[in-house]
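Below is one structure, written out as structure tokens; comments come after it.
Residue numbers (our numbering): 3 to 233.
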């Protein structure tokens, strides 16, 4: 069952998509969007997590600029708008909004008190930064854009962290990937997996760079990771 809920902040309210499992109580996972908003891909991800036994919640991170953004990666106009929103996005207020969503998720009827974070691209970066600043019970980053610029926050991460990187990512350079891997290799709570031949957003449903085999492998690792740390 899926629906939308309202999340309250000091600055106003925004909507979050929620998918519920059939069996409760259950852990919650906050799913952080890409630059295309809480679109069909993100809603599909939430629905899949609900089938795995989680309460999945995806906040509308662009609500301060334009509520209800829902785009695909199939047109140049959508890419241009997405990049404009990405460029204007404020990381600090984004962290605050994700933290508010996590608090709301913990209080939903039927939760077991645990909350994980998972994000893609912009959402991957925000999952990483929010984990460092606000913590979570477990966090997953799919190809977090500009993550290499925030590696000074790694020492603040205390909970389990899983990172997926496409080796041919056109937005996360080889040097950036090396920095991420080198920085996280000695962190007892972190794991990094790379996927040969894969470009950015290899796990995006119906995406232009979707790679079924790599996405299946990455998602299976994510499933095992959350099962270990949230259930």
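Cβ atoms here follow ideal geometry from the backbone N, Cα and C, with glycine treated the same way.
- A Cβ-Cβ contact shorter than 8 Å links residue 144 with residue 122.
- Judged by pairs of C-beta atoms under 8 Å, the stretch 18-27 touches the stretch 40-55, as three or more such pairs exist.
- Rounded to whole angstroms, residue 213 and residue 80 show a C-alpha spacing of 21 Å.
- If you check the CB distance, residue 99 and residue 118 do not come in under 8 Å.
- Of all alpha-carbon atoms in 225, 109, 93 and 229, the one lying nearest the alpha-carbon of residue 134 is that of 93.
- CA-CA distance, residue 194 to residue 130, rounds to 13 Å.
- Within the model, the alpha-carbon separation for residue 116 versus residue 222 is close to 20 Å.
- In this structure, residue 197 places its C-beta atom within 8 Å of the C-beta atom of residue 220.
- Between residue 107 and residue 30, the C-beta gap is smaller than 8 Å, which places the two residues in contact.
- Excluding the 5 residues flanking it on each side, residue 69 has same chain C-beta neighbours closer than 8 Å at 16, 17 and 62, in chain order.
- As DSSP reads the structure, residue 141 sits in a beta bridge with 119 and 163.
- In the DSSP annotation of this structure, residue 35 is not part of any beta strand (DSSP E), being labelled neither H nor E.
- Here the alpha carbons of residue 233 and residue 64 stand approximately 31 Å from one another.
- About 6 Å separates the CB atoms of residue 170 and residue 199; that is less than 8 Å, so the two are in contact.
- The criterion of a C-beta distance shorter than 8 Å is satisfied by residue 97 and residue 136.
- Residue environment analysis places residue 111 among the exposed positions, since fewer than 16 neighbouring C-beta atoms fall within 10 angstroms of its C-beta.
- Contact check for residue 159 against residue 167 fails: the beta carbons are separated by 8 Å or more.
- Cβ-Cβ distances below 8 Å link residue 72 to 38, 39, 40, 41 and 42 in the same chain, with the five nearest sequence neighbours on each side left out; the list follows chain order.
- The three-state reading of DSSP puts residue 97 in helix, counting H, G and I together.
- Of the residues 13, 164, 203 and 191, the one whose Cα lies closest to the Cα of residue 147 is 203.
- According to DSSP, residue 72 shares a beta bridge with 39.
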